[in-house]
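**Q** Residue numbers (numbering that gives the first Met the number 0), protein chains in the order written: chain A, 0 to 406; chain B, 0 to 406.
Don't be surprised by glycine CBs; every beta carbon is placed ideally from N, CA and C.
There are 2 protein chains.
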Amino acid sequence: MNLDGLYSELTLEMKAKLVLVVLDGLGDLATREQGYLTPLEAASTPNLDALAQDAAQGRMIPVAPGITPGSGPGHLGLFGYDPLEFQVGRGVIEALGLGLTLKAGDVAARANFCTLDAKGIVTDRRAGRIETSVCEELCALLSKKVKKVGDAEVIIKAGKGHRFVVIFRGKGLEGPLSDADPHRDGAPIPKVEAVDKKSAKANKAAKLVAEFYKAALPVLAKKRPANGFLMRGIAHQPAIPSFVERYRLRPACIAVYPMYKGLAQLVGMAKLEGPQTIAEQFERYLTEYDNYDYFFIHYKYTDMHGEDGNFEAKKRAIEEFDAALPILLQKRPDVLAITGDHSTPCALRGHSWHPQPVLLTSECSGSDKLERFTETGANLGSLGLFEAKYLVRQMQANAKMFDKFGA
Amino acid sequence: MNLDGLYSELTLEMKAKLVLVVLDGLGDLATREQGYLTPLEAASTPNLDALAQDAAQGRMIPVAPGITPGSGPGHLGLFGYDPLEFQVGRGVIEALGLGLTLKAGDVAARANFCTLDAKGIVTDRRAGRIETSVCEELCALLSKKVKKVGDAEVIIKAGKGHRFVVIFRGKGLEGPLSDADPHRDGAPIPKVEAVDKKSAKANKAAKLVAEFYKAALPVLAKKRPANGFLMRGIAHQPAIPSFVERYRLRPACIAVYPMYKGLAQLVGMAKLEGPQTIAEQFERYLTEYDNYDYFFIHYKYTDMHGEDGNFEAKKRAIEEFDAALPILLQKRPDVLAITGDHSTPCALRGHSWHPQPVLLTSECSGSDKLERFTETGANLGSLGLFEAKYLVRQMQANAKMFDKFGA
């Protein structure tokens with residue numbers, strides 16, 4: 000029997016409050032340089048420590064052993080969707096990150112400006128890393144000149160530096176398509192093709208991309224250095240079973256950065272806009288407490304400082320988070336899970352595959368008798384090492400949402 | 000390659016003694032109320048402690064993360080049968096629990112008396128929770144009046160209160176069928192149908208159930224309050240590969256309660272009847288030592304007291320078990336595993352999904368250097384957190400029953 004099917008069959012109709020707090024990129028490594036302490040271990044966290052007393056801990060594999068996830072797979076896993084089964088194209092992720100709202104069937108591409116020579120050969124894949132303001136101007140120009148290709152609407156939005164996003168909104172489209180990117184200088188832009196040649200919808204999308212190039216390249220012809228563009232990760236927004244259907248919980252997202260709101264929206268979470276600080280996010284949780292059953296609260300700064308390799312700043316970000324935690328606890332949910340979507344070790348200055356620590360507290364979590372919430376302590380916890388996609392199931396179980404299996 | 004196929008291929012023909020001791024519902028939670036000790040941690044267990052010195056420990060997921068198993072899936076997992084692959088209907092489990100011996104192809108239903116109004120609407124799904132003695136009288140009456148339907152023999156046995164079991168023993172029958180139970184008051188008894196409409200055998204079984212209702216309801220027509228009955232979990236005894244075939248071990252069960260004997264019988268274990276106390280069960284093991292290779296010894300009271308939320312009684316049950324353990328150890332088997340079929344935390348007063356601790360000792364178990372056998376200690380053990388269905392494979396490996404895989 001299919002396991003998701005079993006979970007669904009056993010799910011009881013009931014009222015419960017579940018809260019998932021994600022400190023992005025929380026997990027880290029203990030290294031000699033930092034006295035063998037991780038930022039979480041070095042930080043002063045009296046409020047997390049108090050929670051640890053009555054909590055279970057463990058570590059979670061974001062996707063599979065050794066696999067470093069981007070934010071997309073990292074969060075889909077946390078939301079209980081197998082990141083290998085539910086793959087979201089980079090174009091879609093990028094669009095979500097820019098705050099665009101996608102519709103079912105939209106095909107999105109991650110694009111960037113490049114430099115082409117007279118023969119159409121790519122001479123600089125990043126067009127000399129143009130300024131964001133230049134990118135914005137060029138995108139505005141393209142938007143004005145190319146509003147439609149075939150029967151599809153074209154939506155263009157500038158990102159940072161040379162990066163932008165193109166969305167094709169039409170009928171009967173799907174991805175994935177091959178990249179319009181030679182992935183090296185010195186070659187022409189390859190023609191885009193449907194990955195599944197038998198898909199009429201993907202063939203149609205590939206044709207639209209070709210038409211887009213035909214219309215857009217002349218617009219840029221006289222620009223320097225950005226007289227061309229590359230497109231990658233071209234795919235449609237996949238059909239993902241909605242969170243409320245799958246878990247019988249009304250979900251809401253309290254995030255600051257567009258990417259995470261977008262990922263939450265992808266599974267049907269309500270986006271609660273406004274809060275900018277973690278304290279404000281927790282305040283918002285308090286005011287919305289009665290309106291939802293499941294809250295996803297996202298804290299970005301642990302990841303950001305990890306990416307910069309800034310140990311002290313990551314440690315301070317954790318301390319700021321800890322200081323705000325009592326606000327959340329004014330309305331203690333039935334189940335509270337605190338974790339990361341992956342590790343972002345300062346020593347590696349980027350996402351990694353190292354299992355992130357997780358703390359879970361509820362009336363039936365029991366106590367692992369750990370005095371703090373740390374990577375090293377989590378290794379000893381009763382939750383063990385498990386795939387992140389099971390976290391939501393553990394949370395549901397802790398909310399007593401599952402009927403017994405078999406007699 | 001199929002993993003079960005690999006295990007089977009690597010299994011060597013040899014003599015070894017393996018003992019699985021199940022303290023039903025052993026696993027528990029450390030909570031503030033009990034000074035952060037589980038019953039196993041609070042109990043005085045000198046004999047288990049002595050075993051721990053030369054044992055490996057770990058924790059087992061009974062079925063899947065967050066899933067709370069009934070006794071059926073719990074034990075099938077311990078016997079090495081994936082509880083998701085080998086599902087046993089509630090009717091069959093109930094029949095086994097009442098000590099009935101099922102034959103292959105028997106279709107069993109969990110039934111209970113109910114009250115119907117003049118129009119056949121269910122007004123009380125439990126017939127006012129009649130006494131067991133009334134249930135026994137009504138079952139005797141039904142047994143006398145309805146011995147056969149179609150070409151199938153009907154076997155009826157009373158359970159506790161308003162509960163009973165009906166078995167249809169005929170040719171070419173199978174389940175599962177839909178329930179003859181509206182699952183609420185105020186509705187009529189629904190007609191039973193085959194879950195798989197294309198199964199001729201299930202359609203035949205559904206027809207027999209309808210005929211049974213036709214014959215049985217008039218017998219009860221004048222009885223009050225039990226003038227009707229509902230049937231649920233109607234299914235046949237599934238075909239399960241026998242234990243001896245699968246593991247090349249001659250298995251025997253030393254249990255007191257019918258349910259566990261029934262589950263053991265389902266996989267072809269010999270039932271060694273007679274013993275009532277754990278000391279007697281261990282004595283019986285000593286006398287039968289030469290006759291079997293694998294002994295399943297079941298101790299019920301840990302679960303029973305966990306269900307009652309009686310921490311002290313569960314603790315004492317563990318101490319009684321521990322006191323009897325030296326009897327078993329008079330003939331130390333090659334491999335001894337001590338565990339539960341699931342957790343039954345006192346704080347939850349019922350089965351739960353929390354991984355149960357397991358202790359495994361053999362000449363090649365090594366030592367995890369743990370001084371006791373406890374939930375918290377088991378978190379640190381070398382067996383880690385694993386699915387219960389692999390326990391028998393760990394036991395076989397510890398008996399050196401597996402050849403090397405590959406060169």
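1. Is the beta carbon of residue 408 of chain A less than 8 angstroms from the beta carbon of residue 265 of chain A?
2. Could you tell me the alpha carbon to alpha carbon distance between residue 298 of chain A and residue 378 of chain A, rounded to whole angstroms?
3. How big is the Cα-Cα spacing for residue 29 of chain B and residue 55 of chain A?
4. I need the DSSP call for residue 168 of chain B, collapsed to helix, strand or coil.
5. Classify residue 142 of chain A as helix, strand or coil using the three-state DSSP reduction.
6. Applying the criterion that 16 or more other CB atoms from any shown protein chain within 10 Å of the CB defines a buried residue, is residue 361 of chain B buried or exposed?
7. Write down the C-beta distance between residue 73 of chain B and residue 341 of chain B rounded to the nearest angstrom, noting that I regard them as a contact closer than 8 angstroms.
8. Measure the alpha-carbon distance for residue 263 of chain B versus residue 325 of chain B and round it to whole angstroms.
9. Using 8 angstroms as the Cβ pair cut-off and three pairs as the minimum, do the segment 227–242 of chain A and the segment 80–95 of chain A touch?
10. Hey, quick one: how far does the alpha helix (DSSP H) through residue 99 of chain A stretch, first residue to last?
11. Is the shortest distance between the beta-carbon of residue 176 of chain B and the beta-carbons of chain A less than 8 angstroms?
12. Return the chain-ordered list of same chain residues with a C-beta closer than 7 angstroms to the C-beta of residue 380 of chain B, the five sequence neighbours on each side being excluded.
13. Cα-Cα, which of A:211, A:183, A:276 and A:174 is closest to residue 201 of chain A?
14. Could you compute how far the alpha carbon of residue 235 of chain B sits from the alpha carbon of residue 313 of chain B?
15. Rounded to whole angstroms, what's the CA-CA distance from residue 182 of chain A to residue 224 of chain A? Just pull it up for me.
16. Quick one: give me the first and last residue of the alpha helix (DSSP H) that residue 317 of chain A is part of.
17. Nearest CA to the CA of residue 140 of chain A: which residue from A:8, A:13, A:36 and A:215?
18. Assuming the contact rule is C-beta atoms closer than 8 angstroms, residue 244 of chain A and residue 149 of chain A should be a hit. Round their C-beta distance to whole Å, please.
19. Looking at the unbroken beta strand (DSSP E) that takes in residue 123 of chain A, where does it start and where does it end?
20. Quick one: does residue 53 of chain A have its CB under 8 angstroms from some CB of chain B?
21. Since residue 381 of chain A is in the alpha helix (DSSP H), which residue starts that stretch and which ends it?
22. Quick check: the segment 38–46 of chain B against the segment 109–126 of chain B, are there 3 or more CB pairs under 8 angstroms?
23. State whether the segment 118–131 of chain B contacts the segment 281–291 of chain B, with contact taken as three or more CB pairs (one from each stretch) at a distance under 8 angstroms.
24. Can you list the residues of chain B that residue 199 of chain A reaches, using a CB-CB cut of under 7 angstroms?
25. Short check: CB of residue 294 of chain B to CB of residue 251 of chain B, under 8 angstroms?
26. Which of the three DSSP states is assigned to residue 338 of chain B in this structure?
27. Strictly below 7 angstroms CB to CB, what residues from chain B border residue 355 of chain A?
28. Looking only at its own chain, which residues have a Cβ that is under 6 angstroms from the Cβ of residue 261 of chain A, when we skip the five neighbours before and after it?
29. Should residue 51 of chain A go down as buried or exposed, given a rule of 16 or more other Cβ atoms within 10 Å for buried?
30. Can you give me the Cβ contacts of residue 11 of chain A inside the same chain, cut-off strictly under 6 angstroms, excluding the 5 residues immediately before and after it?
31. Find the nearest neighbour of residue 158 of chain A within the set A:97, A:169, A:177 and A:171, judged by alpha-carbon distance.
32. From what residue to what residue does the beta strand (DSSP E) around residue 18 of chain A run?
33. Give the secondary structure of residue 231 of chain A by DSSP, where H, G and I count as helix, E and B as strand, and everything else as coil.
34. With H, G and I counted as helix, E and B as strand and the rest as coil, what does DSSP make of residue 55 of chain A?
35. Could you tell me whether any Cβ in chain A is nearer than 8 angstroms to the Cβ of residue 65 of chain B?
36. If contacts are defined as beta-carbon pairs under 8 angstroms, then residue 233 of chain B and residue 176 of chain B qualify, I think. What distance do you get, rounded to the angstrom?
**A** Taking the structure as given:
1. No statement about residue 408 of chain A is possible, as the shown extent of chain A runs from 0 to 406 and does not include it.
2. Numbered from its first residue, the first sequence carries residue 298 of chain A at position 299. Numbered from its first residue, the first sequence carries residue 378 of chain A at position 379. Separation of residue 298 of chain A and residue 378 of chain A (C-alpha to C-alpha, rounded to the nearest whole angstrom) is 23 angstroms.
3. Taking the second sequence and counting its residues from 1, the one referred to as residue 29 of chain B is at position 30. Taking the first sequence and counting its residues from 1, the one referred to as residue 55 of chain A is at position 56. Rounded to whole angstroms, the separation of the alpha carbons of residue 55 of chain A and residue 29 of chain B is 10 angstroms.
4. Counting from one through the second sequence, the residue named residue 168 of chain B turns up at place 169. In the three-state DSSP reduction, residue 168 of chain B falls in the strand class (E or B).
5. Position 143 of the first sequence holds residue 142 of chain A. The three-state secondary structure of residue 142 of chain A, taken from DSSP, is helix.
6. As a first step, residue 361 of chain B must be located in the second sequence, where it is residue number 362. Classification for residue 361 of chain B: buried.
7. As a first step, residue 73 of chain B is located in the second sequence; it is residue number 74 there, counting from the start. As a first step, residue 341 of chain B is located in the second sequence; it is residue number 342 there, counting from the start. Rounded, the Cβ-Cβ distance is 5 angstroms, consistent with contact.
8. On the second sequence, residue 263 of chain B is found 264 positions in, with the first residue counted as 1. On the second sequence, residue 325 of chain B is found 326 positions in, with the first residue counted as 1. Going from the Cα of residue 263 of chain B to the Cα of residue 325 of chain B covers about 25 angstroms.
9. At 8 angstroms Cβ cutoff, the stretches touch.
10. Your numbering for residue 99 of chain A matches position 100 in the first sequence. According to the DSSP assignment, residue 99 of chain A belongs to no alpha helix (DSSP H), since it is labelled neither H nor E.
11. Counted from its first residue, the second sequence places residue 176 of chain B at position 177. It does not: the Cβ of residue 176 of chain B has no partner Cβ on chain A nearer than 8 angstroms.
12. On the second sequence, residue 380 of chain B is found 381 positions in, with the first residue counted as 1. Sequence-distant Cβ neighbours of residue 380 of chain B in its own chain, meaning closer than 7 angstroms and more than five residues away, are 55, 56, 57, 367 and 369.
13. Here residue 201 of chain A corresponds to residue number 202 of the first sequence, with the count starting at 1. Among A:211, A:183, A:276 and A:174, the Cα nearest to that of residue 201 of chain A belongs to A:174.
14. Within the second sequence, residue 235 of chain B is the residue found at index 236, counting from 1. Within the second sequence, residue 313 of chain B is the residue found at index 314, counting from 1. CA-to-CA, the gap between residue 235 of chain B and residue 313 of chain B works out to about 35 angstroms.
15. Position 183 of the first sequence, counted from the first residue, corresponds to residue 182 of chain A. Position 225 of the first sequence, counted from the first residue, corresponds to residue 224 of chain A. The straight-line gap separating the alpha-carbon atoms of residue 182 of chain A and residue 224 of chain A is approximately 18 angstroms.
16. Within the first sequence, residue 317 of chain A is the residue found at index 318, counting from 1. Counting along the chain, the alpha helix (DSSP H) containing residue 317 of chain A begins and ends at 310–327.
17. Residue mapping note: residue 140 of chain A aligns to position 141 of the first sequence, counting from 1. The option with the nearest alpha carbon to residue 140 of chain A is A:215.
18. Numbered from 1 along the first sequence, position 245 holds the residue referred to as residue 244 of chain A. Numbered from 1 along the first sequence, position 150 holds the residue referred to as residue 149 of chain A. The beta-carbon separation of residue 244 of chain A and residue 149 of chain A, rounded to 34 angstroms, does not stay under the 8 angstroms limit for a contact.
19. Here residue 123 of chain A refers to the residue found at position 124 when the first sequence is read from its first residue. Unbroken beta strand (DSSP E) run through residue 123 of chain A: 121–123.
20. For the purposes of this step, residue 53 of chain A is identified with residue 54 of the first sequence, where counting begins at 1. The beta carbon of residue 53 of chain A sits closer than 8 angstroms to some beta carbon of chain B.
21. In the first sequence, residue 381 of chain A corresponds to position 382, counting from 1. Segment: none, residue 381 of chain A is in no alpha helix (DSSP H) and carries neither H nor E.
22. Between the segment 38–46 of chain B and the segment 109–126 of chain B there are fewer than three C-beta pairs closer than 8 angstroms, too few to call the two in contact.
23. No, because fewer than three Cβ pairs between the segment 118–131 of chain B and the segment 281–291 of chain B fall closer than 8 angstroms, the two stretches do not touch.
24. Walking along the first sequence from the start, residue 199 of chain A turns up at place 200. Listed by position along chain B, the residues whose Cβ is nearer than 7 angstroms to that of residue 199 of chain A form an empty set, because the closest Cβ is around 33 angstroms away.
25. By one-based count along the second sequence, residue 294 of chain B stands at place 295. By one-based count along the second sequence, residue 251 of chain B stands at place 252. Against a cut-off of 8 angstroms, the Cβ pair of residue 251 of chain B and residue 294 of chain B comes out as a contact.
26. Here the question's residue 338 of chain B lines up with position 339 in the second sequence. The three-state secondary structure of residue 338 of chain B, taken from DSSP, is strand.
27. Against the first sequence, residue 355 of chain A aligns to sequence position 356. Here the premise fails: no neighbours, minimum Cβ distance about 16 angstroms.
28. As a first step, residue 261 of chain A is located in the first sequence; it is residue number 262 there, counting from the start. So the list reads 95, once near-sequence residues are dropped.
29. Here the question's residue 51 of chain A lines up with position 52 in the first sequence. The residue in question, residue 51 of chain A, is buried, as its Cβ has 16 or more Cβ neighbours within 10 Å.
30. Here residue 11 of chain A refers to the residue found at position 12 when the first sequence is read from its first residue. Around residue 11 of chain A: 400 and 402.
31. As a working mapping, residue 158 of chain A is identified with position 159 in the first sequence. When each option's Cα is compared against that of residue 158 of chain A, the closest is A:97.
32. Walking along the first sequence from the start, residue 18 of chain A turns up at place 19. Going by DSSP, residue 18 of chain A is part of the beta strand (DSSP E) stretching over 17–22.
33. Along the first sequence, one-based indexing puts residue 231 of chain A at 232. In this structure, residue 231 of chain A counts as strand in the three-state DSSP scheme.
34. Within the first sequence, residue 55 of chain A is the residue found at index 56, counting from 1. Residue 55 of chain A sits in a strand when the DSSP states are folded into three classes.
35. By one-based count along the second sequence, residue 65 of chain B stands at place 66. Chain A contact via Cβ: present.
36. Along the second sequence, read from residue 1 onward, the residue named residue 233 of chain B stands at position 234. Along the second sequence, read from residue 1 onward, the residue named residue 176 of chain B stands at position 177. Rounded to the nearest angstrom, the Cβ distance from residue 233 of chain B to residue 176 of chain B is 4 angstroms, consistent with a contact under 8 angstroms.
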